[in-house]
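> Take a look at this one; I'll ask things after.
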Amino acid sequence: MSTKPTPNYQNAAVLGHPDIIETAKEAERVAYYLEAKGIRTIHGSLHDDAIRKEIWSKNIDLVVTLGGDGTVLRAGHLCAPVNVPILAINMGSLGFLIEVSPKEWPQAIDRLLAGDCWIEDRMMLQASLWRAEKKLYQLDVLNDAVIARGENLRPVHLRVSLDGLEMTTYVADALVVSTPTGSTAYALAAGGPILPPNLRNILLVPVAPHLSIDRGIVLAEGSTVSVTVLSDHGSVVSGDGQESITLRQGDRVEVCASKFVTRLVRFQEVDYFYRNLVKLMDQNPSAGTQS
Numbered sequence: 002m003s004t005k006p007t008p009n010y011q012n013a014a015v016l017g018h019p020d021i022i023e024t025a026k027e028a029e030r031v032a033y034y035l036e037a038k039g040i041r042t043i044h045g046s047l048h049d050d051a052i053r054k055e056i057w058s059k060n061i062d063l064v065v066t067l068g069g070d071g072t073v074l075r076a077g078h079l080c081a082p083v084n085v086p087i088l089a090i091n092m093g094s095l096g097f098l099i100e101v102s103p104k105e106w107p108q109a110i111d112r113l114l115a116g117d118c119w120i121e122d123r124m125m126l127q128a129s130l131w132r133a134e135k136k137l138y139q140l141d142v143l144n145d146a147v148i149a150r151g152e153n154l155r156p157v158h159l160r161v162s163l164d165g166l167e168m169t170t171y172v173a174d175a176l177v178v179s180t181p182t183g184s185t186a187y188a189l190a191a192g193g194p195i196l197p198p199n200l201r202n203i204l205l206v207p208v209a210p211h212l213s214i215d216r217g218i219v220l221a222e223g224s225t226v227s228v229t230v231l232s233d234h235g236s237v238v239s240g241d242g243q244e245s246i247t248l249r250q251g252d253r254v255e256v257c258a259s260k261f262v263t264r265l266v267r268f269q270e271v272d273y274f275y276r277n278l279v280k281l282m283d284q285n286p287s288a289g290t291q292s
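Mapping to this note's numbering: the sequence shown position 125 is 126, numbers consecutive.
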């Protein structure tokens, strides 16, 4: 889904990746530029508790991130519940989610404030961990929820039900439950299909399945996936690559569409996705330089 923004931003937060040294000085420059435009601006690290509280208190109506896709994911967790759009500036390596380079951000901000852009709403997933009938944990994710083997190298046995009906049991290293956004992340590395980001489908992709369904499955919009751990030798669940939570035999991870969306500021045409996809995959830095 895409919408036109109302260019009436009054309070902004500029968040840099805490481990990329260059983002601190660049965040200052961005903040100064926004202040010169009459916008009250605070800046600091993505992990700055004071800034996070400002956002959660609904005192901020625009967030600017400096980092890579991981920074956008974390900002999405922060901003989605309060419906704050994110303008992402790429200071990472690849940037599937980002279209503004470090040299282009002044022009991007000018266009944003002039209303010459649009807002792209990216579907999120709600992942809940249940032990017996008690909910232990819940997280809204932009990319994926992954149920995987832990330190033990043996594959995990995962029973999957769809909308209350048992579908299959995977014997695999992991099962990726992904959004369309996440289809270009871990799910893609595991051999899954690429879905355009405007869809609201859920994607299931097993990692190194043994005598199990070895293809990605695209589920209908509105589906609820339940993954029950059958193994007794240790497994974990993680959302968007965050710290893993240890699972026990019988634990259940339920995943469905979240009520929240991550809102990204866009300047390219609405059909930008496939053009950018080909360009990014052709120059993937992790693939090395080809002669």
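Where is the CB? At the ideal position from N, CA and C, for every residue including glycine.
I want to know whether the region 81 to 98 touches the region 217 to 237 - three or more CB-CB distances under 8 Å.
Too few Cβ pairs lie closer than 8 Å, so no.
> Ignore the nearest five residues each way along the sequence and tell me which others in Thr229's own chain have a CB closer than 6 Å to its CB.
Arg160, Arg253
> Strictly by DSSP, which residues pair up with Val256?
DSSP, once it has assigned bridges, lists Ala128, Val226 as partnering Val256.
> Give the secondary structure of Gln108 by DSSP, where H, G and I count as helix, E and B as strand, and everything else as coil.
Residue state, collapsed to three classes: helix.
> Suppose the cutoff is 6 Å on Cβ atoms and the five residues either side in sequence are ignored; what does the same chain contact list for Lys59 look like?
Val83
> For Val256, which residues of its own chain have a beta-carbon under 6 Å away from its beta-carbon, when the five flanking residues on both sides are left out?
Leu126, Ala128, Ala146, Val178, Val226
> On the premise that Leu265 lies in contact with Arg123, defined as a C-beta separation below 8 Å, what is that separation, rounded to the nearest angstrom?
6 Å
> What ranges does the alpha helix (DSSP H) occupy inside the region 40 to 65, keeping only unbroken runs of at least 4 residues that lie completely in it?
50 to 57
> Buried or exposed: Val262, going by 16 or more other Cβ atoms within 10 Å of its Cβ?
buried
> Tell me the DSSP bridge mates of Gly240?
Ala146
> Can you name, in chain order, every residue of its own chain whose Cβ lies under 6 Å from the Cβ of Ala28, other than the five neighbours on each side?
The beta carbon of Ala28 sits closer than 6 Å to those of Val15, Gly17, His44, Leu67, all from its chain and outside the five residues before and after it, given in chain order.
> List the DSSP bridge partners of Ala89.
Thr66
> Taking just the CA atoms, how far does Gly251 sit from Arg132?
7 Å
> According to DSSP, simplified to helix, strand and coil, what is Leu16?
Strand at Leu16.
> Determine the DSSP secondary structure at Ser184, reduced to helix, strand or coil.
In this structure, Ser184 counts as helix in the three-state DSSP scheme.
> Excluding the 5 residues preceding and the 5 following Thr290 in the sequence, name in chain order all residues of the same chain whose CB lies nearer than 8 Å to its CB.
Low local confidence applies: a pLDDT of 41 at Thr290 is under 50, so the model's placement there is unreliable, and no value is given.
> Pull up the distance between the alpha-carbon of Asp1 and that of Leu278, whole angstroms please.
In the structure as shown, the chain begins at 2 and stops at 292. Residue 1 is therefore absent and cannot be evaluated.
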